[in-house]
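*Asks:* Per my numbering, residue 5 is the first one in the sequence shown, and the count goes up by one each step.
A single structure is presented below for examination.
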Amino acid sequence: MITNSVFVLSKNGKILKPTTPVRARILQSQSKAKTLKLFPFTIILDKEVDENVEPYLELRIDPGSKFTGMTLVDLNKNEVVWAMELEHRGLAIKMDLIKRAGVRRSRRSRRLRYRKKRFDRKKPQGWLPPSLRHRLLTTQTWIKRLLEVAPIKSIAIESVKFDLQKMETPDIEGIEYQQGTLFGYTLREALLEHWGRECVYCGKTDVPLQIEHINAYSNGGSDRFSNLTLSCEKCNQKKGDKPVEQFLKDQPEILQKIKAHQKKSLSDAAAVNSTRKAIFEMAQQFGLPVISGDGASTKMIRIKSGLPKAHWIDSSCVATDQIVKLRICQPLRVTCTGHGTRQVQRVNASGFPAIASIKKNPMTGKKEVKLVSKNQKYTHATAGDYVVCTLLKDRKHVKSGIYCARVKTPTQKGVEVLISGHRIAVDRQYIKLVHRDDGYEYSFTAISTDLLRFNAI
Ligand SMILES: [Zn+2]
């Protein structure tokens, strides 16, 4: 078997044993079952079943900063029967919030009347930054979705533990460890000492040095010590927000020096660490036994099992001491895309309304903000939905046939879908809605030939 198992429900809503894609297809062709859900693929039988299936799967989760791997493992054989990789959008959320802060900043310096505070802005206990909170919430959503369709007995989560301070300066101990790496220094002094009081790019000394972000702030680079360096004004200006690899492509030895320094950058580790506890606590609310594993033994089991590194394979090796086998080699890839924006009026970099979204109303001659889908005629598929559409004739770039595509824009007559990068208009009677837009994009990762060689598959 190559692809994920198919989840099966009975007509009266009982969770049954997942089946193979082949059997699911046979059941559907004999009209004994219908598709209930496309992602995760679930069929519903046309008959009622009375007996309960004893839960025998373990949901194993490896929470990461950019990807979270989730696998369902058959506990009787320690075999992976279903897998997915959840791609997070932490950076996108962070950049959106920086943008919003920019817009609000201009308001603060305007001359406005005093307004009383409306509520206490203290952060509640257990507060997580929005970019990290989204990792927790999307993981929760997917645990919920899987519990609805699969006979799951227990949940196992890798509780990766990083000691951030030790990773940044591995040799410190005692009082120095308690007081932090920057104790007794200001940040600037620490940088000057670390980088030898010279411009890191051109080596000039005795010039005013500026604090330089190796990964530019505008690209999501952090203010951590490990992302900062010192450079003269000229080099700083010249580098701008270019990636350091591109800026230093002719000076590999300087690049190597900076890279060695940046390796210690811990922003990813920090993200995992602060969400780790929260994810573990969240999983306990589902009323199933929750087991925790650590990163080191996950890696050990993966290597013992002879499996390559991938987010979903890592997750399958969480909290087990037996060799893991794979029955599948193509996980479902789920990308968090969000639900668009709630902002009605887009603004430019200075916080003023962006001209593009203001339109003159031809009837009244007045300028007005165009609201998306306000006066649009109702079509049953809206932007982002997955539809199956039938093209009867060849179009300019796309041949006739049956396609599964995402709706780009609803139109008066039907929808415009995106097929291999081209907008194709399809009339209402030729489309069938198969999956509503739910803030995720679905795809399948390419099957790696490495994995096919394993005898387990
Ligand atoms: Zn310089």
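Cβ coordinates follow ideal geometry from the N, Cα and C atoms, glycine included.
Note down, in chain order, each residue of its chain lying with its Cβ closer than 6 Å to the Cβ of I215, except the 5 sequence neighbours on either side.
*Replies:* Start at 1 with the first residue of the sequence shown, and residue 215 comes out as number 211. Counting only residues of its own chain and dropping the five nearest sequence neighbours on each side, I215 has a CB closer than 6 Å to the CB of L232.
*Asks:* Give the straight-line distance between the Cα atoms of V438 and Y446, rounded to the nearest whole angstrom.
*Replies:* As a first step, residue 438 must be located in the sequence shown, where it is residue number 434. As a first step, residue 446 must be located in the sequence shown, where it is residue number 442. Taking the straight line joining both Cα atoms gives about 13 Å.
*Asks:* Is the beta carbon of L79 sitting closer than 8 Å to the one on E62?
*Replies:* If you number the sequence shown from 1, residue 79 lands on position 75. If you number the sequence shown from 1, residue 62 lands on position 58. Their beta carbons are under 8 Å apart, which means L79 touches E62 by this criterion.
*Asks:* Given 7 Å as the limit, tell me if V110 has its C-beta closer than that to any heavy atom belonging to ligand 1.
*Replies:* Within the sequence shown, numbered from 1, the residue matching residue 110 stands at position 106. According to the sequence displayed, residue 110 carries Ser and not Val. No.
*Asks:* Short of 7 Å in beta carbon distance, which residues of its chain neighbour P59, apart from the five on each side in sequence? Order them along the chain.
*Replies:* On the sequence shown, residue 59 is found 55 positions in, with the first residue counted as 1. In the same chain as P59, and ignoring 5 residues on each side of it, the C-beta atoms closer than 7 Å to its own belong to P155, I156 and K157, in chain order.
*Asks:* Three Cβ pairs or more, each shorter than 8 Å: is that satisfied between the stretch 125 to 132 and the stretch 35 to 52?
*Replies:* No, the stretch 125 to 132 is not in contact with the stretch 35 to 52.
*Asks:* My output table needs one value for K265: the three-state DSSP class, helix, strand or coil.
*Replies:* Along the sequence shown, one-based indexing puts residue 265 at 261. Checking the sequence shown, residue 265 turns out to be His, not Lys. In this structure, H265 counts as helix in the three-state DSSP scheme.
*Asks:* Any heavy atom of ligand 1 within a distance shorter than 7 Å of the CB on K238?
*Replies:* Taking the first residue of the sequence shown as 1, we reach residue 238 at position 234. Yes.
*Asks:* Looking only at C-alpha atoms, which of R27, S320 and P25 sits nearest to E162?
*Replies:* Along the sequence shown, one-based indexing puts residue 162 at 158. With respect to the C-alpha of E162, the residue from R27, S320 and P25 having the closest C-alpha is S320.
*Asks:* Could you tell me the alpha carbon to alpha carbon distance between K374 and I102, rounded to whole angstroms?
*Replies:* Sequence index remark: in the sequence shown, residue 374 carries index 370 (1-based). Sequence index remark: in the sequence shown, residue 102 carries index 98 (1-based). Interpretation of K374 is limited by its pLDDT of 40, a score under 50 that renders its predicted location unreliable; no figure is taken from the coordinates.
*Asks:* With which residues is M304 paired in a DSSP beta bridge?
*Replies:* For this step, residue 304 is matched to residue 300 along the sequence shown. Bridge pairing for M304: absent [DSSP].
*Asks:* In terms of residues, what are the limits of the beta strand (DSSP E) holding G418?
*Replies:* Reading the sequence shown from its first residue, position 414 is the one you call residue 418. Segment G418 to I423, the beta strand (DSSP E) holding G418.
*Asks:* Bridge partners of K41, per DSSP?
*Replies:* In the sequence shown, residue 41 corresponds to position 37, counting from 1. In DSSP, K41 forms a bridge with T46.
*Asks:* Given 7 Å as the limit, tell me if K246 has its C-beta closer than that to any heavy atom belonging to ligand 1.
*Replies:* As a first step, residue 246 is located in the sequence shown; it is residue number 242 there, counting from the start. Every heavy atom of ligand 1 is 7 Å or more from the Cβ of K246, so no.
*Asks:* Buried or exposed: which applies to M304, given that a residue is buried once 16 or more other Cβ atoms fall within 10 Å of its Cβ?
*Replies:* The residue labelled residue 304 in the question sits at position 300 within the sequence shown. Taking a 10 Å sphere around the C-beta of M304, we find fewer than 16 other C-beta atoms and assign the residue as exposed.
*Asks:* Do you know how far the Cα of T46 is from the Cα of L40?
*Replies:* Start at 1 with the first residue of the sequence shown, and residue 40 comes out as number 36. Start at 1 with the first residue of the sequence shown, and residue 46 comes out as number 42. So the two alpha carbons sit approximately 5 Å from each other.
*Asks:* Does DSSP put T345 in a helix, in a strand, or in coil?
*Replies:* Position 341 of the sequence shown, counted from the start, is the residue given in the question as residue 345. In the structure shown, T345 sits in coil (DSSP, three-state: anything other than H, G, I, E or B).
*Asks:* Just the Cα atoms here: how many angstroms apart are E152 and K18?
*Replies:* If you number the sequence shown from 1, residue 152 lands on position 148. If you number the sequence shown from 1, residue 18 lands on position 14. So the alpha carbons of these two residues sit roughly 10 Å apart.
*Asks:* Please find out if some non-hydrogen atom of ligand 3 comes closer than 7 Å to the beta-carbon of Y221.
*Replies:* In the structure shown, ligand 3 is absent; the only ligands present are ligand 1.
*Asks:* In the structure shown, what three-state DSSP assignment does R334 receive?
*Replies:* The residue given as residue 334 occupies position 330 in the sequence shown. Looking at the sequence itself, residue 334 is Gln, so the reference to Arg does not match. Correct three-state label for Q334: strand.
*Asks:* Using only the alpha-carbon positions, how far apart do M74 and I332 sit?
*Replies:* Within the sequence shown, the letter at position 70 stands for residue 74. Within the sequence shown, the letter at position 328 stands for residue 332. Distance between the alpha carbons of M74 and I332 is about 13 Å.
*Asks:* Write down the C-beta distance between V322 and R64 rounded to the nearest angstrom, noting that I regard them as a contact closer than 8 Å.
*Replies:* For this step, residue 322 is matched to residue 318 along the sequence shown. For this step, residue 64 is matched to residue 60 along the sequence shown. Going by Cβ atoms, the distance from V322 to R64 rounds to 5 Å, so yes, they are a contact pair.
*Asks:* Is the beta carbon of I327 sitting closer than 8 Å to the one on S309?
*Replies:* In the sequence shown, residue 327 corresponds to position 323, counting from 1. In the sequence shown, residue 309 corresponds to position 305, counting from 1. Yes, Cβ-Cβ distance for I327 and S309 is below 8 Å.
*Asks:* If you measure between the beta carbons of V421 and V411, is that distance less than 8 Å?
*Replies:* Counting from one through the sequence shown, the residue named residue 421 turns up at place 417. Counting from one through the sequence shown, the residue named residue 411 turns up at place 407. It is a contact, given that the beta carbons lie within the stated cut-off.
*Asks:* Using the C-alpha atoms, what's the distance from G388 back to R440?
*Replies:* Reading the sequence shown from its first residue, position 436 is the one you call residue 440. Reading the sequence shown from its first residue, position 384 is the one you call residue 388. Answer to the nearest angstrom: the Cα atoms are 7 Å apart.
*Asks:* Nearest CA to the CA of H138: which residue from S424, L20 and K70?
*Replies:* The residue you call residue 138 lines up with position 134 of the sequence shown. That would be K70, whose Cα lies nearest to the Cα of H138.
*Asks:* For P67, I'd like the list of residues in its chain whose CB is within less than 6 Å of its CB, leaving aside the five on either flank, ordered along the chain.
*Replies:* Here the question's residue 67 lines up with position 63 in the sequence shown. These residues qualify, in order along the chain: I283.
*Asks:* Is K261 near ligand 1, with its Cβ less than 7 Å from a heavy atom?
*Replies:* As a first step, residue 261 must be located in the sequence shown, where it is residue number 257. Answer for K261: no, Cβ out of range of ligand 1.
*Asks:* In whole angstroms, what separates the C-alpha of A220 from that of S278?
*Replies:* Stepping through the sequence shown from its first residue, residue 220 is reached at position 216. Stepping through the sequence shown from its first residue, residue 278 is reached at position 274. In a straight line, the C-alpha of A220 is about 23 Å away from that of S278.
*Asks:* Return the first residue and the last residue of the alpha helix (DSSP H) that P25 is part of.
*Replies:* The count along the sequence shown starts at 1 and reaches residue 25 at position 21. Residues P25 to S33.
*Asks:* Which word fits K243, buried or exposed, when buried means at least 16 other C-beta atoms lie within 10 angstroms of its C-beta?
*Replies:* Within the sequence shown, the letter at position 239 stands for residue 243. So K243 counts as buried.
*Asks:* Secondary structure at F290, three-state DSSP: helix, strand or coil?
*Replies:* Within the sequence shown, residue 290 is the residue found at index 286, counting from 1. Reduced to three states, the DSSP call for F290 is coil.
*Asks:* Is it true that the CB of L195 sits closer than 8 Å to the CB of L259?
*Replies:* Within the sequence shown, numbered from 1, the residue matching residue 259 stands at position 255. Within the sequence shown, numbered from 1, the residue matching residue 195 stands at position 191. No, these two residues do not count as a Cβ contact at 8 Å.
*Asks:* How long is the line joining the alpha carbons of C393 and T415, rounded to whole angstroms?
*Replies:* The count along the sequence shown starts at 1 and reaches residue 393 at position 389. The count along the sequence shown starts at 1 and reaches residue 415 at position 411. Straight-line Cα distance between these residues: approximately 15 Å.
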